[in-house]
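In the numbering used here, the protein residues as written are 13 to 374. Ideal placement from N, C-alpha and C gives every residue a C-beta, glycine not left out. Shown next, in structure tokens, is the structure this report addresses.
Written out as structure tokens, the structure is:
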């Protein structure tokens with residue numbers, strides 16, 4: 013991509029940014045909440061591109077000026093200063109060009125959303141449930157390090173510890189765009205607590221990460237929802253277990269069922285269940301988007317294929333292997349304590365390289 017092409021594209025984005033800035037202060041737009049929310053989101057997303065474009069424009073201008081000095085200035089000291097500036101500016105401009113090229117590729121529109129995280133024990137019985145509990149701890153420690161908030165929506169505990177299934181809502185900055193790399197089957201190889209012969213077993217747990225649907229994303233009609241109440245089970249105290257505070261919602265057109273029993277209040281459980289139901293219905297459409305991506309290019313993430321074995325945690329050798337990018341790390345204890353940022357960074361880097369390559373071929 014030439015300088016002129018980049019500058020031309022950036023000029024168009026700056027014009028669009030300024031147009032949106034004017035629109036979001038228009039009383040007519042402000043009265044249409046759905047449009048106002050969408051424009052605000054777009055304005056926020058364009059901000060970093062406009063900032064980068066200003067830095068790029070200034071650097072290109074300074075480079076041209078420095079080259080002009082080298083070509084025409086007779087003062088040797090001035091020419092040497094200009095040469096030094098050129099040496100500094102050229103790699104800066106090259107880096108800015110790469111950053112901007114990536115920014116100009118349309119991102120997954122869901123990346124900035126909060127997420128629903130599901131962890132389910134898979135093959136391996138009690139050991140799989142225990143491993144699901146270990147994954148839960150890994151993720152919650154990671155959320156704490158990122159400063160993200162999380163709350164449990166529903167839970168089904170394992171008979172020997174851990175969880176048959178647990179669903180969380182995770183809130184913060186760019187949560188889905190970060191956690192989407194975790195969707196898939198996670199395998200563990202270790203000697204289970206229930207093993208008497210000391211043999212290494214392989215068990216699995218599945219992780220699904222869904223972008224949380226916002227209120228304006230879908231039109232959810234209450235007449236399409238059947239509401240059932242029941243007594244909650246599990247921890248929570250006597251009032252939780254003896255009152256009909258738990259909520260089960262069934263979306264009749266799609267057959268999707270969600271339930272929430274986390275709160276003592278039936279109303280709070282209803283609100284949380286409704287959020288999750290909205291997300292699951294929205295994700296039926298989102299899956300079509302993921303399928304379209306995977307049909308256009310071979311991608312190692314964001315395909316939504318929950319059956320894909322993405323990562324193995326080998327306890328005897330203290331290693332973790334991510335099979336999508338052939339990454340092996342020998343710091344299992346730290347990773348299980350929430351130190352997963354390095355893995356996510358490398359997956360993001362690999363996908364960004366893939367996206368740049370795909371854009372260059374178009």
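The Cβ-Cβ distance between residue 132 and residue 177 falls below 8 Å. The straight-line gap separating the alpha-carbon atoms of residue 121 and residue 138 is approximately 38 Å.
Distance between residue 173 and residue 144, taken at the CA atoms: about 10 Å. Remark: C-beta atoms of residue 105 and residue 78 do not approach each other more closely than 8 Å.
Assigned with DSSP and collapsed to three states, residue 284 falls in helix. The closest CA to that of residue 243, considering only 233, 230, 259 and 175, is found on 259.
Between the beta-carbon of residue 217 and that of residue 140 there is about 6 Å, and that keeps the pair under the 8 Å contact cut.
Spanning the alpha carbons of residue 287 and residue 224 requires a straight line of approximately 8 Å. If you draw a straight line from the Cα of residue 154 to the Cα of residue 367, it is about 27 Å long. The straight-line gap separating the alpha-carbon atoms of residue 128 and residue 83 is approximately 59 Å. With a threshold of 16 other beta carbon atoms within 10 Å, residue 267 falls short and is exposed. For residue 116, the uninterrupted alpha helix (DSSP H) run begins and ends at 88-116, by DSSP. Sorting 200, 191, 262 and 329 by C-alpha distance to the C-alpha of residue 136 places 200 at the top. Under the three-state reduction of DSSP, residue 212 is assigned to coil, being neither helix nor strand.
Partner residues in the beta bridge of residue 271, as assigned by DSSP, are 260. For residue 175 and residue 160, the gap between their C-alpha atoms comes out near 22 Å.
In this structure, residue 58 and residue 25 form a Cβ contact; the two beta carbons are roughly 6 Å apart against a cut-off of 8 Å.
Apart from sequence neighbours up to five positions away, the residues of its chain that approach residue 36 with a beta-carbon distance below 7 Å are 48, 51, 52 and 55, ordered along the chain. Residues of the same chain with a CB within less than 7 Å of the CB of residue 342, apart from the 5 flanking positions on each side, are 330 and 331 in chain order.
Per the C-alpha coordinates, the member of 365, 202 and 357 positioned closest to residue 189 is 357.
Per DSSP, residue 43 lies in no alpha helix (DSSP H) and is assigned neither H nor E. By the 16-neighbour rule on beta-carbons within 10 angstroms, residue 126 is buried. Rounded to whole angstroms, the separation of the alpha carbons of residue 355 and residue 349 is 14 Å. In this structure, the CA atom of residue 241 is about 48 Å from the CA atom of residue 61.
A Cβ-Cβ separation of about 11 Å leaves residue 101 out of contact with residue 67 under the 8 Å criterion. If you compare the alpha carbons of 205, 198, 184 and 361 with that of residue 147, the shortest gap goes to 198.
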